[in-house]
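In our numbering, the protein residues as written are 7 to 254.
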């Protein structure tokens, strides 16, 4: 994506933290196929695996997707004669912060009253990941083991996040995959395939009014707070947090 210098985020730990905080990604493939659309996208929650103290290793993403999905069928078609079950085409995953907003020029309390040369914009935060995907689609022990770990890890992270947001962390027991009947879980696993994506490039654009003057930046923060909404409060928090890096 196009990233202005003021909005660029390339610190690997910060990008990893963003993906873990907002794990629902837009998984996009570009696979020529006479039966399915070349460009396809699916919303998928991901598990991120990283290697500590290895700056050359950008990590890997794990996920699962429904077998019935046309995107899945296009991927399987493309690797039918592959020995390693890896897609030849690069894949893209886009992760977005859950809140984003239009910025009204009325927020610019420093420059607007002086010369009026201000225009609206939009504030948001996003991370893009590019990589190569290995597909686990065969009816064998390797695929079964991968899918079992994947659904267990995703469930554990999801349960922990939900309990934390509810303020009941440590008070309630988290639901586990093993709480469901094994045959029931195995039946559902037949309806999905696994994906393991080696990250080759990861970059972020945190466009949160960093380029504004001090007065206008503060006006954006105060403007969102004055809205008196949950969305406004979250936007103000994001702009303030990112503002700590202004001028650095």
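Glycine residues also receive a C-beta, built at the ideal position from the N, C-alpha and C atoms.
CA nearest to the CA of residue i, picked from the options
{"i": "residue 54", "options": "44, 68, 42 and 46", "result": "68"}
{"i": "residue 204", "options": "176, 138, 95 and 42", "result": "138"}
{"i": "residue 75", "options": "110, 49 and 30", "result": "49"}
{"i": "residue 218", "options": "82, 23, 21 and 248", "result": "248"}
{"i": "residue 8", "options": "134, 214, 114 and 81", "result": "134"}
{"i": "residue 127", "options": "108, 33, 140 and 173", "result": "108"}
First through last residue of the beta strand (DSSP E) which encompasses residue i
{"i": "residue 165", "result": "Unbroken run through residue 165 is the alpha helix (DSSP H), 147-172; no beta strand (DSSP E)."}
{"i": "residue 51", "result": "45-51"}
{"i": "residue 30", "result": "30-36"}
{"i": "residue 221", "result": "Here residue 221 belongs to no beta strand (DSSP E); instead the alpha helix (DSSP H) covers 220-232."}
Residues near residue i in its chain [Cβ-Cβ closer than 6 Å; skip 5 each side]
{"i": "residue 239", "result": "none"}
{"i": "residue 242", "result": "227, 230 and 231"}
{"i": "residue 46", "result": "35 and 77"}
{"i": "residue 15", "result": "210 and 212"}
{"i": "residue 222", "result": "114, 116 and 117"}
Own chain, CB closer than 7 Å to residue i, minus 5 neighbours either side, in chain order
{"i": "residue 160", "result": "51 and 53"}
{"i": "residue 4", "result": "Past the edges of the chain, shown from 7 to 254, lies residue 4, and the structure says nothing about it."}
Short Cβ contact (8 Å threshold) for residue i with residue j
{"i": "residue 132", "j": "residue 244", "result": "no"}
{"i": "residue 56", "j": "residue 225", "result": "no"}
{"i": "residue 198", "j": "residue 73", "result": "yes"}
{"i": "residue 141", "j": "residue 82", "result": "yes"}
Boundaries of the alpha helix (DSSP H) in which residue i is found, first to last residue
{"i": "residue 248", "result": "236-249"}
{"i": "residue 182", "result": "Premise fails: residue 182 is in no alpha helix (DSSP H) and is neither H nor E."}
Beta-carbon proximity list for residue i, same chain, < 8 Å, skipping 5 on both sides
{"i": "residue 206", "result": "64, 96, 136, 137 and 138"}
Proximity test, residue i beta-carbon vs the ligand MN heavy atom, cut-off 7 Å
{"i": "residue 41", "result": "Among the ligands in the structure shown, none appear at all, so the ligand MN cannot be discussed."}
Runs of alpha helix (DSSP H) lying entirely within the segment 47-130, each at least 4 residues, in chain order: 76-84 and 118-121
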